[in-house]
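Residue numbers in the sequence shown follow the working numbering, run continuously in steps of one, and reach 118 at the last position. Positions of the beta carbon are idealized from the N, C-alpha and C atoms, including for glycine. Predicted, not measured: the structure shown is a model, and the values here were computed from it.
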Amino acid sequence: MAGTGLYEHLDHVFTTRGWWLWWNDYELWKWLAKGPMNSYSWRLFDTNPLQMPGRGRKVWAGARKAVEEAYHIFEDFKAKQGKVD
Numbered sequence: 034m035a036g037t038g039l040y041e042h043l044d045h046v047f048t049t050r051g052w053w054l055w056w057n058d059y060e061l062w063k064w065l066a067k068g069p070m071n072s073y074s075w076r077l078f079d080t081n082p083l084q085m086p087g088r089g090r091k092v093w094a095g096a097r098k099a100v101e102e103a104y105h106i107f108e109d110f111k112a113k114q115g116k117v118d
């Protein structure tokens with residue numbers, strides 16, 4: 034997801050960039066790494082800190098809550114799928 038900041042915060046397990054989010058905000062890391070990919074995650078991180086016109090995405094204040102809700106809906110769905118079988 035170019036330009037979303039996700040790769041900078043959810044990097045490969047053997048690099049330090051990915052560990053920063055895991056260490057500082059494990060809940061958010063879990064929702065992003067183990068939950069469904071959704072458009073809410075695109076607005077979690079400020080990708081234009083210098084406020085250059087026409088570049089990056091602004092942070093949406095409700096993005097974190099929306100990602101959390103999507104994660105819980107996904108987990109409920111997986112649990113129900115397991116009970117059907």
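Between the beta-carbon of Tyr73 and the beta-carbon of Ala96, is there less than 7 Å? Position 40 of the sequence shown holds residue 73. Position 63 of the sequence shown holds residue 96. Yes, the Cβ-Cβ distance between Tyr73 and Ala96 is below 7 Å.
By how many angstroms is the C-alpha of Gly68 removed from the C-alpha of Ile106? Residue 106 sits at position 73 when you count from the first residue of the sequence shown. Residue 68 sits at position 35 when you count from the first residue of the sequence shown. Their backbone Cα atoms lie some 9 Å apart in a straight line.
Rounded to whole angstroms, what's the CA-CA distance from Met85 to Ala112? Just pull it up for me. To locate residue 85, count along the sequence shown from 1; it is residue 52. To locate residue 112, count along the sequence shown from 1; it is residue 79. Rounded to whole angstroms, Met85 to Ala112 spans 44 Å at the Cα level.
Going by DSSP, what residue range makes up the alpha helix (DSSP H) through Lys63? Taking the first residue of the sequence shown as position 1, residue 63 is located at position 30. Its alpha helix (DSSP H) spans residues Tyr59 to Lys67.
So what's Asp109 in DSSP terms, helix, strand or just coil? Reading the sequence shown from its first residue, position 76 is the one you call residue 109. Reduced to three states, the DSSP call for Asp109 is helix.
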